Amino acid sequence: MMSNMLLIFGGNIMLEKVRELLVEELQINPDDITMDAELSKDLNINSIELADLIMLCEEKFGIEINEDDSNKFITVGDVVNYLETL
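Right under this line is the structure:
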């Protein structure tokens, strides 16, 4: 049953966790959040909100994201893929 649920939601647990942060903390429309959605262009996330997102990810996942890595976050998928490699 669980595998069926994952298929229904796209199969990406980390995407769902990032989506949850974006919706709850930055009030982004969940329907707009896809792996290909650009943070600034598609989701209208400004530099301050991006810094907030990075801080929220650090707190939620108990990690530290360095500036060089965070500068590469263009799409939601970039964030998700980065978090999945940790």
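So that you can map any letter, position 29 of the sequence shown is 121 in this note's numbering, and since no number is skipped, the others follow by simple counting.
Glycine included, every Cβ here is placed at the ideal spot set by N, Cα and C.
No experiment lies behind these values; they were computed from the predicted model shown.
Buried or exposed, going by whether 16 or more other CB atoms sit within 10 Å of the CB of residue i?
i      : result
Phe153 : exposed
Leu131 : buried
Ile137 : buried
Leu107 : buried
Pull up the distance between the alpha-carbon of residue i and that of residue j, whole angstroms please.
i      : j      : result
Glu156 : Glu150 : 5 Å
Leu118 : Leu148 : 10 Å
Asp128 : Leu113 : 17 Å
Would DSSP call residue i helix, strand or coil?
i      : result
Glu130 : strand
Lys109 : helix
Phe153 : helix
Ile140 : helix
How is the alpha helix (DSSP H) around residue i delimited, first residue to last?
i      : result
Asp123 : Run containing Asp123: none; DSSP gives neither H nor E here.
Asn173 : Val168 to Glu176
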